[in-house]
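Residue numbers (the numbering used here): 65 to 491.
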Amino acid sequence: MRVCIVGAGAAGLCAARHLLIEPCVTELDVLEQSSQLGGTWVYTETVGYDDFGLPIHTSMYKSLRTNLPKEIMGFPDFPIPESERSYLPAKDMLAFLQLYAEKHGVSEHVKFKHHVQLIIPKQGATAELWDVTYKDLMTGVTTTKEYDYVFVCNGHYNTPFIPNIPGLKEFEGDVMHSHDYRVPDIFKGKQVLVIGAGPSGMDIALEITSMTEKVILSHHLKEQPRSVFPSNLTQKPDVEKLEGRTAYFKDGSQEEIDVVFLSTGYLYNFPFLHESCNIVVEDNCVEPLYKHLVNIQHPTMCFIGVPYYVCAFSMFDLQVRYYVRSMNGTFKLPSRQEMTRHWEQEKSERASRGYTRRQAHMMGPDQEKYYASLATEAGTESIPSVITKIREESSLRFLHNLQNYRQDVYKIIDDDTYEIISNGKRE
Ligand code: FAD
65 MRVCIVGAGA
75 AGLCAARHLL
85 IEPCVTELDV
95 LEQSSQLGGT
105 WVYTETVGYD
115 DFGLPIHTSM
125 YKSLRTNLPK
135 EIMGFPDFPI
145 PESERSYLPA
155 KDMLAFLQLY
165 AEKHGVSEHV
175 KFKHHVQLII
185 PKQGATAELW
195 DVTYKDLMTG
205 VTTTKEYDYV
215 FVCNGHYNTP
225 FIPNIPGLKE
235 FEGDVMHSHD
245 YRVPDIFKGK
255 QVLVIGAGPS
265 GMDIALEITS
275 MTEKVILSHH
285 LKEQPRSVFP
295 SNLTQKPDVE
305 KLEGRTAYFK
315 DGSQEEIDVV
325 FLSTGYLYNF
335 PFLHESCNIV
345 VEDNCVEPLY
355 KHLVNIQHPT
365 MCFIGVPYYV
375 CAFSMFDLQV
385 RYYVRSMNGT
395 FKLPSRQEMT
405 RHWEQEKSER
415 ASRGYTRRQA
425 HMMGPDQEKY
435 YASLATEAGT
445 ESIPSVITKI
455 REESSLRFLH
465 NLQNYRQDVY
475 KIIDDDTYEI
485 ISNGKRE
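This is how it looks when you write it as structure tokens:
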């Protein structure tokens with residue numbers, strides 16, 4: 065089998081790691097548009113476009129430390145060493161991914177500065193084959209190569225989602241998305257409205273309080289953060305409209321601001337997939353995918369890393385193990401009809417629980433069930449529940465103790481239990 069992986073971030077490296085030990089795989093190419101592996105975890109001061117005219121991929125900012133502890137940031141077969149601090153800086157995560165790639169001999173299979181431009185089912189072929197067209201950015205030469213399988217691992221935190229806020233386009237100050245944020249200095253002396261209280265929004269709002277007189281954090285979190293914020297950070301509900309340099313909020317209040325900072329998340333984007341791949345992204349729902357992973361219309365294509373609010377690297381590993389087992393015949397994927405029925409059922413079941421279409425791939429409380437369903441079907445090991453438990457605990461502490469939660473130290477006791485040393489005390 066000839067396999068193509070798009071992207072050498074954590075997902076692509078994990079796919080390569082498992083495919084390289086698979087006897088049925090005869091050829092493996094990891095096509096990576098940038099000059100190094102690590103994807104999201106590569107920090108650059110550059111924003112906008114790179115030297116080859118491609119949009120800058122990474123959304124990493126300089127001060128970033130992971131929002132989850134190291135115990136659940138590693139791969140099941142390659143954990144982050146005990147000696148590392150609890151919540152790693154981005155550069156250490158990058159070094160960890162480099163070690164992972166070296167240990168498993170992945171690096172020599174990565175074609176750097178190779179930009180995937182088009183993936184299309186092979187015309188007139190009797191079997192499901194793929195034509196992948198990529199450009200060598202150094203030479204400018206474009207090649208089309210045939211593969212039996214395609215792993216789409218292009219990352220989902222690089223195409224900004226811009227919300228539809230009345231007056232945003234006409235706003236008289238600056239508008240910026242967190243994708244382009246690197247350091248807080250740019251906000252010196254400015255009054256900044258941060259929209260969105262996800263991990264980046266909260267971290268960045270806090271970070272820029274040291275540079276500005278006024279930061280307003282607008283969000284619609286169901287659970288109000290109990291974190292103690294500096295006095296120059298005010299929380300507000302959603303923005304109703306912007307006019308001139310004034311923001312009007314849903315509670316009837318208003319504030320004068322210089323900058324609208326959008327920490328509003330990202331869109332799934334697969335610009336290289338030809339429409340005949342039959343993958344549609346609408347309202348941030350990627351479909352039709354079986355188990356958020358397999359292209360139902362063309363099951364020789366899979367997508368690693370679509371679900372969010374997950375234990376990312378552990379999930380990548382499980383998704384890859386699942387899919388590779390379908391490739392090597394350990395188990396058989398259901399028929400297209402069955403997979404479609406399953407996906408439609410899942411969508412309506414989510415809708416009945418109040419999930420919107422935009423939340424089609426949100427896991428959170430559904431994580432364990434999702435992991436178990438993959439593991440059971442493929443006959444492989446699932447992710448121990450202690451991993452999801454730590455994720456839940458850390459996320460709560462993030463919300464309610466933003467300034468200090470990264471000082472907590474976690475210790476896994478067994479597959480189900482853990483302890484925390486917080487403020488010098490065992491909990
Ligand atoms: P990426 O890391 O984005 O890698 C995708 C790769 O594909 C890139 O190298 C890119 O260059 C390449 N590529 C894309 N298109 C093409 C193309 N057409 N041709 C060739 N190559 C292409 N997760 C956590 O678990 N914990 C955290 O603390 C955490 N913090 C985060 C902080 C920020 C600011 C962001 C943006 C994300 C964070 N994440 C965190 C999520 C993180 O992105 C994932 O954990 C994970 O690293 C994503 O890996 P990936 O391989 O799916 O995507």
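A virtual CB, placed ideally from N, CA and C, is assigned to each residue, including glycine. Note that this is a predicted model, so its numbers are computed, not measured.
Across the structure, Ile454 and Ile136 are spaced so that their CA atoms are roughly 7 Å apart. Leu297 and Lys305 have their alpha carbons spaced roughly 20 Å apart. For Thr444, the secondary structure class from DSSP, reduced to helix, strand or coil, is coil. Relative to ligand 1, even the nearest heavy atom lies 8 Å or more away from the CB of His356. Here Gln299 carries a strand assignment [DSSP, helix/strand/coil].
The three-state reading of DSSP puts Ser99 in coil, since its state is none of H, G, I, E or B. Fully contained in the stretch 290 to 374 are the following beta strand (DSSP E) runs of length 3 or more, in chain order: 297 to 300, 303 to 307, 310 to 313, 318 to 320, 323 to 326, 344 to 346, 349 to 351 and 365 to 367. For Thr130, the shortest separation between its Cβ and any heavy atom of ligand 1 lies below 8 Å. Counted as a single uninterrupted DSSP element, the alpha helix (DSSP H) harbouring Met403 occupies residues Arg400 to Ser416. Close CB contacts of Glu96 within its chain, under the 8 Å cut and outside five residues either way in sequence, are with Gly71, Ala72, Gly76, Val174, Lys175, Phe176, Lys177 and His178 (chain order). Sorting Tyr164, Val89, Gly117 and Ile69 by C-alpha distance to the C-alpha of Phe377 places Tyr164 at the top. At least one heavy atom of ligand 1 sits closer than 8 Å to the Cβ of Trp105.
Remark: fewer than three beta-carbon pairs, one from each stretch, lie closer than 8 Å, so the stretch 271 to 282 and the stretch 184 to 202 are not flagged as touching.
Taking every protein chain shown into account, the CB of Ile451 has 16 or more other CB atoms within 10 angstroms, so this residue is buried. Counting only runs of 4 or more residues that sit fully inside the stretch 135 to 161, no alpha helix (DSSP H) segment turns up.
Distances taken from the Cβ of Gln162 to the heavy atoms of ligand 1 include none shorter than 8 Å. Your pair Gly231 and Thr328 does not check out as a contact, with CB atoms roughly 16 Å apart and the cut at 8 Å. Listed as beta-bridge partners of Cys68 by DSSP are Asp93 and Val214.
When C-beta atoms of the stretch 362 to 374 are compared with those of the stretch 383 to 400, three or more pairs fall below 8 Å, so the two segments count as touching.
Spanning the alpha carbons of Met427 and Met275 requires a straight line of approximately 35 Å. Taking Thr310 as reference, the option from Lys286, Tyr332 and Leu257 with the minimal CA-CA separation is Leu257.
Judged by their CB atoms, His168 and Tyr372 are not nearer to each other than the 9 Å cut-off. As summarised for the stretch 197 to 283, the continuous alpha helix (DSSP H) elements at least 4 residues long and confined to that stretch are 263 to 272, given in chain order. Gly265 sits buried, since 16 or more C-beta atoms from the chains shown fall within 10 Å of its C-beta. With the rule of 3 Cβ pairs closer than 8 Å, the stretch 238 to 255 counts as touching the stretch 317 to 328. In this structure, DSSP gives His178 an extended state, which the three-state scheme calls strand. Between Asn392 and the set Cys78, Leu84, Leu128 and Ile69, the nearest pair of CA atoms involves Leu84. Minimum Cα-Cα distance from Glu441 among the listed residues Tyr387, Gly188 and Val350 corresponds to Tyr387.
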